[in-house]
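Report on one structure; see the data block that follows.
Number of protein chains: 2
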Amino acid sequence: MNIGTASDRAGLPAKTIRYYEDIGLLAPQRLDNGYRDYSTADVHRLRFLQRSRSLGFSVEECRQLLSLYGDSGRESAEVKAIAETKLAEIERKIVELKGLHGVLSHLVANCHGDGRPECPILDELAGETH
Amino acid sequence: MNIGTASDRAGLPAKTIRYYEDIGLLAPQRLDNGYRDYSTADVHRLRFLQRSRSLGFSVEECRQLLSLYGDSGRESAEVKAIAETKLAEIERKIVELKGLHGVLSHLVANCHGDGRPECPILDELAGETH
DNA sequence: GATAATCCTTCCAGTCACTGGAAGGTCAAG
DNA sequence: CTTGACCTTCCAGTGACTGGAAGGATTATC
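For the record, the sequence lines run as chains A and B. Here the first sequence is numbered in my numbering, starting from 76 and rising by one per residue. Here the second sequence is numbered in my numbering, starting from 76 and rising by one per residue.
Encoded structure:
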């Protein structure tokens with residue numbers, strides 16, 4: 076199947092699929108006319124990539140997961156460890172964002188936001204208060 | 076003051092400060108020997124940048140905020156609007172991350188993580204279940 | 001059969017916000 | 001007077017794509 080069809084099936088832009096090939100994540104067959112020819116197994120790999128990327132795994136992590144995916148002798152402990160590390164990162168990011176949210180919402184609440192120049196948001200950013 | 080001192084005072088790497096100059100965020104004086112010479116006002120601007128960047132504003136947003144910062148005729152409504160937009164983005168990101176967290180923690184909980192190859196995490200990523 | 005629209009190819013450049021490193025000039029201490 | 005820390009510029013790389021140009025292949029329409 077052509078890249079356009081594979082793109083539709085995998086939910087990834089053709090550009091991204093070619094990029095994944097560039098960096099060695101998959102290598103479809105080629106037809107006589109030079110077109111890439113994706114098998115259903117290729118599409119599975121692409122869907123795998125789409126899902127794991129959207130779950131926040133980096134491309135390098137996806138590469139590891141993908142190699143485990145195709146390895147019937149794999150140990151699930153490896154996969155679980157990668158997922159647990161990623162889970163901890165997500166938790167950390169949520170905490171950070173909540174902190175940002177607290178500071179910013181405080182500032183927004185205290186800014187009258189009218190035509191006057193006084194603005195506690197800028198004061199805070201400048202470090203003039205506290 | 077030299078860039079090293081400004082770096083310490085602003086809490087930004089010297090590399091980053093030079094980069095900010097490259098993209099036109101500030102332009103310190105130069106000494107006869109070619110060294111950059113930062114005033115305390117420059118350091119204030121740098122601290123402003125450090126704080127607003129760490130609060131999740133993009134460099135372009137920081138540029139806007141910085142121009143309002145130095146503008147005594149500014150209207151705080153502009154600043155408040157930028158901050159509110161950013162606040163909404165942060166909220167959206169938190170929701171997304173919580174969703175990711177839910178999916179991943181479910182998968183981790185269901186993966187026995189021993190030496191056997193069975194692994195619901197990979198099954199999920201492959202789209203084999205559900 | 002000609003033509004137009006769509007799809008495919010490769011390659012180069014740009015994004016964002018830095019970061020690393022090389023090559024070389026300047027300055028303060030011992 | 002040399003060592004080492006600091007400064008300069010410039011070039012290249014990061015991550016994960018994305019945009020676009022130039023050109024070949026295929027498909028649909030007239």
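Think of the CB as a built atom: it goes at the ideal place given N, C-alpha and C, for glycine as much as any other residue.
- Residue-level contact by beta carbon fails for residue 82 of chain A and chain B, as no gap is shorter than 8 Å.
- Between the alpha carbons of residue 171 of chain B and residue 95 of chain A lies a distance of about 24 Å.
- With its beta carbon less than 8 Å from one in chain A, residue 172 of chain B belongs to the interface.
- Between the segment 80 to 87 of chain B and the segment 106 to 124 of chain B, the count of C-beta pairs closer than 8 Å reaches three or more; the two stretches touch.
- Residue pairing of residue 105 of chain B in beta bridges, as defined by DSSP: B/111.
- At least one beta carbon of chain B lies nearer than 8 Å to the beta carbon of residue 130 of chain A.
- The beta carbon of residue 134 of chain A does not come within 8 Å of any beta carbon belonging to chain B, so the residue lies off that interface.
- Contact check for residue 157 of chain B against residue 136 of chain B passes: the beta carbons are separated by less than 8 Å.
- No Cβ of chain A is located within less than 8 Å of the beta carbon of residue 90 of chain B.
- Contact check for residue 143 of chain A against residue 153 of chain A passes: the beta carbons are separated by less than 8 Å.
- Residue 92 of chain A is positioned such that its CB atom lies no closer than 8 Å to that of residue 169 of chain B.
- Any Cβ of chain A closer than 8 Å to the Cβ of residue 101 of chain B would place that residue at the interface, and such an atom is absent.
- In chain order, 179, 182, 183, 186 and 196 make up the part of chain A whose C-beta sits under 8 Å from the C-beta of residue 158 of chain B.
- For a Cβ distance threshold of 7 Å, nothing in chain A lies close to residue 114 of chain B: the least Cβ distance comes to about 15 Å.
- For residue 174 of chain B, the enclosing alpha helix (DSSP H) begins and ends at 151 to 185.
- Distance check between residue 180 of chain A and each of B/181, B/99, B/103 and B/130 places B/130 closest, using alpha-carbon atoms only.
- Taking a contact as a CB-CB distance under 8 Å, the pair residue 112 of chain A and residue 104 of chain A counts as one, their CB atoms being some 4 Å apart.
- Within the same chain, Cβ atoms closer than 8 Å to the Cβ of residue 128 of chain A are found at 134 and 137, the five residues on either side in sequence being excluded.
- The beta carbon of residue 77 of chain A lies closer than 8 Å to those of 110, 111, 112 and 113 in the same chain, with the five residues before and after it left out.
- In the structure shown, the three-state DSSP call for residue 98 of chain B is coil.
- Within the same chain, and ignoring the five residues on either side of residue 89 of chain A in sequence, the residues whose Cβ sits closer than 7 Å to its Cβ are 78, 79 and 82.
- Counting along the chain, residue 130 of chain A sits inside no alpha helix (DSSP H), nor does DSSP assign it H or E at all.
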